[in-house]
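Chemist: Sharing a structure, written as structure tokens. Questions coming.
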Amino acid sequence: PHLKTFKNEYQTCRVRGAWPLIDNPYIGVQVTNEPVVDGSPATATTKVTIIIRGRSTPCADEKTYEAASDASLPATFIDGTQRSGPDASVVLTVHEQQRIEIYVRYIETTLIVRQAGRYLAFSARMPEELVNFSGGADGDFSDSSLQLCVRGCPASERLDPISERGHKLPWNKAMERCRRSDSNEVTNNLTDHYLDWCVFDVMTTGDGASANDFAAAAHSAQADVLRLDPSSLKNKTTTHREQNPYYSHAS
Amino acid sequence: CKVDKCSREYERLMDERDIPSPEPSTEFCQVARDYLSCLRGTARSCRGNLNYHSTMSTLGRLGSEFNCPRLLTNITSAGHVPLPSSSSAPPRTTNTPAPKRECTYQGRHRFKHCGLFGD
Chain A
3 PHLKTFKNEY QTCRVRGAWP LIDNPYIGVQ VTNEPVVDGS PATATTKVTI IIRGRSTPCA
63 DEKTYEAASD ASLPATFIDG TQRSGPDASV VLTVHEQQRI EIYVRYIETT LIVRQAGRYL
123 AFSARMPEEL VNFSGGADGD FSDSSLQLCV RGCPASERLD PISERGHKLP WNKAMERCRR
183 SDSNEVTNNL TDHYLDWCVF DVMTTGDGAS ANDFAAAAHS AQADVLRLDP SSLKNKTTTH
243 REQNPYYSHA S
Chain B
28 CKVDKCSREY ERLMDERDIP SPEPSTEFCQ VARDYLSCLR GTARSCRGNL NYHSTMSTLG
88 RLGSEFNCPR LLTNITSAGH VPLPSSSSAP PRTTNTPAPK RECTYQGRHR FKHCGLFGD
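For the protein sequence lines, the chains are A and B, in the order given.
Under the numbering used here, the first residue of the first sequence is numbered 3, with each subsequent residue one higher.
Under the numbering used here, the first residue of the second sequence is numbered 28, with each subsequent residue one higher.
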């Protein structure tokens, strides 16, 4: 998947199998990723599990949310509820376009799970001190090294967005597809890494229905950033020369 | 991935020290710390293994809930951020609602964002 970390590092990762995104005393988020197409190291997210850790705070009971890509997004936590804690300090809401949001009031944290085509996407906004808390004061018992959102992907799991993308569609066609907004919800043009990532996905998956899904997923992911972290976008579009290391030779 | 080897060693130590289940004691914390240390030694080969990540997460949480760092070092841990009470607070029961103020995150914060999608 494509990852934007809490430190605004942008990575495309292999991370096949189960990986933790966030793991702190209040929240745990884990994803499972599976290969997208044969012959490519690219994977995409097929399962998201979120645990609101009620045992570590008096502000909510423990709640678990599970989403899998082969079914609709559940509208509730696994116990059938949408709320927890005094004055509903944890609230799960369902939105159009296959999106659920969980707001945890006592730590001012917003979690979003989306279903984009055959795969899932995740977004989180939380206070800086809670992000840093992850590696905090628990000595041997804290471990932030495996949280993708905090540390990013291990170097050996990172993919180069140019050399490791597929070639099922030429760059020009992929760029055209990504610039055309197929999403009903989002009309913003893709920019920055979201445009690059869309091109990576479309070149890797080809001109089928999944290409539409991946383009829509990029639009949705950028929509979440525009809402939750707008200052991180620089409105930078990528030139052919930047995307294609062989461009100068070809021309 | 040798997570099972570490788990067997953990069970052996629990039996040897006659600890029936995880508990807030120095003895258990020592066993848990050794278990974590063994798991960290297998980290590279266990990436992506659900059992490994879940075990790491559970041990970290137990260590925090049982105040293991404090039990093991016998010093007060410092540096906690001003978040709502965490492991130091007892679990809330249905009969003891938390005070409203306790569950309100006070102060001004800078926020961070993380996203994952595709590919």
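The beta carbon of each residue, even a glycine, is placed where N, CA and C say it ideally should be.
Could you confirm whether any beta carbon from chain B is found closer than 9 Å to the beta carbon of residue 169 of chain A?
Modeler: no
Chemist: Closest to residue 136 of chain B by C-alpha separation, out of A:93, A:85, A:23, A:130, would be which residue?
Modeler: A:130
Chemist: Report the rounded CA-to-CA distance for residue 115 of chain A versus residue 73 of chain A, giving the unit in angstroms.
Modeler: Approximately 13 Å, taken between the alpha carbons.
Chemist: Tell me the rounded alpha-carbon separation between residue 51 of chain B and residue 30 of chain B.
Modeler: Taking the straight line joining both Cα atoms gives about 24 Å.
Chemist: Please list, in chain order, all residues of the same chain as residue 2 of chain A whose beta carbon is under 6 Å from its beta carbon, the five residues on each side excluded.
Modeler: Nothing in the structure corresponds to residue 2 of chain A, since chain A is present only between 3 and 253.
Chemist: Taking a contact to mean a Cβ-Cβ separation below 9 Å, would you say residue 33 of chain A touches residue 124 of chain A in this structure?
Modeler: yes
Chemist: If you pair each beta-carbon of the stretch 18 to 30 of chain A with each one of the stretch 46 to 65 of chain A, do three or more pairs fall below 8 Å?
Modeler: When Cβ pairs closer than 8 Å are counted between the two stretches, the stretch 18 to 30 of chain A is seen to touch the stretch 46 to 65 of chain A, the count reaching three or more.
Chemist: Could you check what DSSP says for residue 35 of chain A in three-state terms: helix, strand or coil?
Modeler: strand
Chemist: For residue 127 of chain A, return the contacting residues in chain B, with the cut-off set at a CB-CB distance below 9 Å.
Modeler: 138, 139, 140, 141
Chemist: Just the C-alpha distance for residue 91 of chain A and residue 84 of chain A, rounded to the nearest angstrom, thanks.
Modeler: 11 Å
Chemist: Nearest to residue 96 of chain B by alpha carbon, out of B:85, B:82, B:60, B:78?
Modeler: When C-alpha distances from residue 96 of chain B are compared across B:85, B:82, B:60, B:78, the shortest belongs to B:60.
Chemist: Between the stretch 83 to 98 of chain A and chain B, which residues of the former have CB atoms less than 7 Å from a CB of the latter, in chain order?
Modeler: 87, 88, 89, 91
Chemist: Beta-carbon separation of residue 41 of chain B and residue 22 of chain A under 9 Å?
Modeler: no
Chemist: What are the residues in the stretch 98 to 120 of chain A lying within 8 Å of chain B by C-beta distance?
Modeler: 107, 108, 109, 110, 116, 118
Chemist: Strictly under 9 Å for the Cβ-Cβ distance: is residue 172 of chain A near chain B by that measure?
Modeler: By this cut-off, residue 172 of chain A is not an interface position.
Chemist: Buried or exposed, going by whether 16 or more other CB atoms sit within 10 Å of the CB of residue 101 of chain A?
Modeler: buried
Chemist: Helix, strand or coil: which one does DSSP assign to residue 169 of chain A?
Modeler: Coil at residue 169 of chain A, not helix or strand.
Chemist: To which residues does DSSP link residue 105 of chain A through a beta bridge?
Modeler: A:93, A:112
Chemist: Please report how far the alpha carbon of residue 126 of chain A lies from the alpha carbon of residue 149 of chain A, in whole angstroms.
Modeler: If you take the alpha carbons of residue 126 of chain A and residue 149 of chain A, they lie about 13 Å apart.
Chemist: Check the Cβ of residue 20 of chain A against every Cβ in chain B and list those closer than 9 Å, keeping chain order.
Modeler: 75, 76, 77, 78, 79, 80, 81
Chemist: Note the first and the last residue of the continuous alpha helix (DSSP H) segment covering residue 71 of chain B.
Modeler: 70 to 73
Chemist: Pull out every residue of the stretch 49 to 73 of chain B whose Cβ sits closer than 7 Å to any Cβ of chain A, in chain order.
Modeler: Within the stretch 49 to 73 of chain B, the qualifying residues are 60, 63.
Chemist: Identify whether residue 260 of chain A lies in helix, strand or coil by the three-state DSSP scheme.
Modeler: Nothing in the structure corresponds to residue 260 of chain A, since chain A is present only between 3 and 253.
Chemist: Tell me which same chain residues have a C-beta within less than 6 Å of the C-beta of residue 119 of chain A, skipping the five on either side of it?
Modeler: 215
Chemist: Output yes if chain A places a C-beta closer than 9 Å to the C-beta of residue 130 of chain B; else output no.
Modeler: yes
Chemist: How big is the Cα-Cα spacing for residue 117 of chain B and residue 79 of chain B?
Modeler: Its pLDDT being 41, under 50, residue 117 of chain B is placed unreliably by the model, and nothing is read from it.
Chemist: Do you know whose CA, among A:191, A:108, A:151, lies nearest residue 25 of chain A's CA?
Modeler: A:151
Chemist: Starting from residue 84 of chain B, find everything on chain A with Cβ-Cβ shorter than 7 Å and list it in chain order.
Modeler: 22, 25, 30
Chemist: Give me the subset of the stretch 217 to 234 of chain A whose CB atoms are less than 8 Å from a CB atom of chain B, sorted by chain position.
Modeler: 219, 220, 222, 223, 226, 227, 230, 231, 234
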